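Some notes on the structure that comes next.
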Amino acid sequence: MPETEEHEHWGKLSFRVRNKIFAVIQPDGVSVAIKTTHDNRDAYTSIAPEVFRVPDSFAKLSFMMVRIDRINQKEFGDLLIQAWKLVSPKKLVKAYSESCNR
Numbered sequence: 007m008p009e010t011e012e013h014e015h016w017g018k019l020s021f022r023v024r025n026k027i028f029a030v031i032q033p034d035g036v037s038v039a040i041k042t043t044h045d046n047r048d049a050y051t052s053i054a055p056e057v058f059r060v061p062d063s064f065a066k067l068s069f070m071m072v073r074i075d076r077i078n079q080k081e082f083g084d085l086l087i088q089a090w091k092l093v094s095p096k097k098l099v100k101a102y103s104e105s106c107n108r
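For my numbering, count along the sequence shown from 1 and bump the result up by 6.
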């Protein structure tokens, strides 16, 4: 996705746009902390707790853990795009959306 950069974050690989984190790969290799809204986080964790969870340390954050070994690849890709859009400037999101619709 445009302007995405990889950076180290507390010993883990993070993905950012203009230094705003939208995903962090966890050391277990199967979990990713991903940016979301509190409403979506509550919905996902209620519907599929075996895939989505919120660690106590994330209680006030708009992130959730996703088990990538238990989720459909397309759904995970959609979640990454949504996370990217949450941290990206509106003009960048608009340009990306327009390029995807061509």
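Just so it is clear, CB atoms sit at the ideal spot from N, CA and C, and this is done for glycine as well. These numbers were taken from a predicted model, which means no experiment stands behind them.
- About 5 Å separates the CB atoms of residue 38 and residue 72; that is less than 8 Å, so the two are in contact.
- Under the three-state reduction of DSSP output, residue 19 falls in the strand class.
- CA-CA distance, residue 83 to residue 17, rounds to 24 Å.
- Rounded to the nearest angstrom, the gap between the Cα atoms of residue 15 and residue 40 is 14 Å.
- For residue 93, the closest C-alpha among the options 57, 69, 58 and 62 is that of 69.
- Residue 80 has its alpha-carbon roughly 19 Å from the corresponding atom of residue 43.
- The C-beta of residue 47 has 16 or more other C-beta atoms within 10 Å across all chains shown, which makes the residue buried.
- DSSP places residue 94 outside both helix and strand once states are collapsed to three, so it counts as coil.
- The Cβ atoms of residue 76 and residue 99 lie no closer than 8 Å to each other.
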